[in-house]
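Participant: Numbering (our numbering), first residue to last: 1221 to 1343. Virtual Cβ for every residue (Gly too), placed ideally from N, Cα, C. Note that the structure is a prediction, hence the values are computed from the model and not measured. Pasting a structure below so you can have a look.
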């Protein structure tokens, strides 16, 4: 999730939802940071009890901003993030990006990323 490919996929997900990760909203970032602190303070029972709220968080917050929360959940309770449909859909896209990264060498990925950046700059 925190690799260059993972961030690229997260940015694409956010673009599709109308959030420009290159110009982050301070309020959104602060909400995500508060959620990281909340998740860090939770135990597994509390995390399970607020399943619906966590799912709503991942539905409403751009994924590039929510990645630190996903990492904290994974550290606290491995694979629990997969039970949150909103987060899991986005993670599936990042996993697919990771699979492509394993197929192609680092140079090829750098070339593709450079081409994508040129295309984005021209838009």
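#1: Under 8 Å between the Cβ atoms of residue 1252 and residue 1314?
#2: Relative to the C-alpha of residue 1255, which candidate in 1239, 1293, 1238 and 1241 has its C-alpha closest?
#3: Quick check on the DSSP output: what are the complete alpha helix (DSSP H) runs of length 4 or more inside the segment 1228-1274, in order along the chain?
#4: By the DSSP assignment, the alpha helix (DSSP H) with residue 1283 in it spans what residues?
#5: DSSP three-state call for residue 1278: helix, strand or coil?
#6: My output table needs one value for residue 1343: the three-state DSSP class, helix, strand or coil.
#7: Return yes when the Cβ of residue 1317 is within less than 8 Å of the Cβ of residue 1228, no when it is not.
#8: How do the segment 1323-1333 and the segment 1286-1300 stand: do at least 3 beta-carbon pairs fall below 8 Å, yes or no?
#9: State the CB to CB distance for the pair residue 1248 and residue 1282, rounded to an integer number of angstroms; the pair is presumed to be in contact (CB under 8 Å).
Facilitator: Result, derived from the coordinates:
#1: no
#2: 1293
#3: 1246-1261 and 1264-1269
#4: 1283-1296
#5: helix
#6: coil
#7: yes
#8: no
#9: 6 Å
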